[in-house]
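The next block holds one structure in the form of structure tokens; read it before the comments.
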Amino acid sequence: MPGTTTDRLLRAALFLKGLDGAVELLAGLALLAVGPRSLDGVTRRVVEHHLLGSPHGALAERVAAGEAALSGGDRTFAVVYLTLHGLVKLGLVVALLREVLPAYPVAAGVLAVFWAFEVYRAVDRDAWSMWAAAVLDLVVVVLVLREYRRLRSRRRRAGGTAPRDA
Numbered sequence: 768m769p770g771t772t773t774d775r776l777l778r779a780a781l782f783l784k785g786l787d788g789a790v791e792l793l794a795g796l797a798l799l800a801v802g803p804r805s806l807d808g809v810t811r812r813v814v815e816h817h818l819l820g821s822p823h824g825a826l827a828e829r830v831a832a833g834e835a836a837l838s839g840g841d842r843t844f845a846v847v848y849l850t851l852h853g854l855v856k857l858g859l860v861v862a863l864l865r866e867v868l869p870a871y872p873v874a875a876g877v878l879a880v881f882w883a884f885e886v887y888r889a890v891d892r893d894a895w896s897m898w899a900a901a902v903l904d905l906v907v908v909v910l911v912l913r914e915y916r917r918l919r920s921r922r923r924r925a926g927g928t929a930p931r932d933a
């Protein structure tokens, strides 16, 4: 990827997506390794020691509600979702950084699905953080498609065997 501003933006977005994917993968694996009893104990200690402010504050209540959901049937969904989501993101980021041409449309499609889910959750939960994630994913989709067109055009001009940029 050359050094234009758009290319630097794409690299920065891919770095963020890769970091996000790694965190999701690690969170999914950690949640898999930690049993419901341990999760309850950690949550209780965090809330009791006022690490989130008042034990009766909004943040403490959200953490306790999330822990309760993860102790039930939502835990399996969370483990599968976080692990698969993280693996897909990491795989796509590696493929895009290596300029694997077929990965670009796949990445755009996957990110468009993530974007649609984020918009749905943002509307459903009235969450500004989901709106921020949706905007970021939309920008990344546009950057990925732009880079795909540029690479495809460059490879056609070179007879389909254009060397990758270092």
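According to our numbering, the sequence shown is numbered sequentially starting from 768.
Ideal Cβ positions, reconstructed from N, Cα and C, are used throughout, including at glycine.
Keep in mind the model is a prediction, meaning the values are calculated, not measured.
message = Only counting the same chain, and skipping five residues up and downstream in sequence, which positions put a Cβ closer than 6 Å to that of K856?
response = Your numbering for residue 856 matches position 89 in the sequence shown. Cβ neighbours of K856 beyond the five flanking positions: K784 and G788.
query = Since G795 contacts T850 with CB under 8 Å, what's their CB separation in whole angstroms?
reply = As a first step, residue 795 must be located in the sequence shown, where it is residue number 28. As a first step, residue 850 must be located in the sequence shown, where it is residue number 83. With a Cβ gap of about 3 Å, G795 and T850 count as contacting.
inquiry  = Helix, strand or coil for R922? Go by DSSP, reduced to three states.
reply    = One-based indexing of the sequence shown puts residue 922 at position 155. Three-state result, R922: helix.
inquiry  = For G853, count the other beta carbons within 10 Å of its own beta carbon; 16 or more makes it buried, fewer makes it exposed. Which is it?
reply    = Translated into the one-based positions of the sequence shown, residue 853 becomes position 86. With 16 or more other Cβ atoms within 10 Å, it is buried.
C-alpha gap between V873 and A800, whole angstroms = Mapped onto the sequence shown, residue 873 falls at position 106. Mapped onto the sequence shown, residue 800 falls at position 33. Cα-Cα distance, rounded: 31 Å.
inquiry  = Along the chain, where does the alpha helix (DSSP H) containing A862 start, and where does it finish?
reply    = In the sequence shown, the residue the question calls residue 862 occupies position 95. Run containing A862: D841 to L864, per the alpha helix (DSSP H) assignment.
query = L912 and A870: beta carbons closer than 7 Å?
reply = Sequence index remark: in the sequence shown, residue 912 carries index 145 (1-based). Sequence index remark: in the sequence shown, residue 870 carries index 103 (1-based). Their beta carbons are not under 7 Å apart, which means L912 does not touch A870 by this criterion.
message = With H, G and I counted as helix, E and B as strand and the rest as coil, what does DSSP make of P872?
response = Position 105 of the sequence shown, counting from 1, holds the residue named residue 872. Reduced to three states, the DSSP call for P872 is helix.
ask   = Taking the alpha-carbon positions, what's the L798 to W895 distance?
value = The residue given as residue 798 occupies position 31 in the sequence shown. The residue given as residue 895 occupies position 128 in the sequence shown. Straight-line Cα distance between these residues: approximately 25 Å.
task = Work out the CA separation of G858 and V890 for me, nearest whole Å.
result = In the sequence shown, residue 890 corresponds to position 123, counting from 1. In the sequence shown, residue 858 corresponds to position 91, counting from 1. Their Cα atoms are separated by approximately 29 Å.
query = Which residues in the same chain as L776 place their Cβ atom closer than 7 Å to its Cβ, once the five residues preceding and following it in sequence are excluded?
reply = Against the sequence shown, residue 776 aligns to sequence position 9. Result list for L776: L910, in chain order.
Beta-carbon contacts of E791 that lie in its chain and below 6 Å, excluding the five residues immediately before and after = Along the sequence shown, read from residue 1 onward, the residue named residue 791 stands at position 24. The answer, listed in chain order, is L849, H852 and G853.
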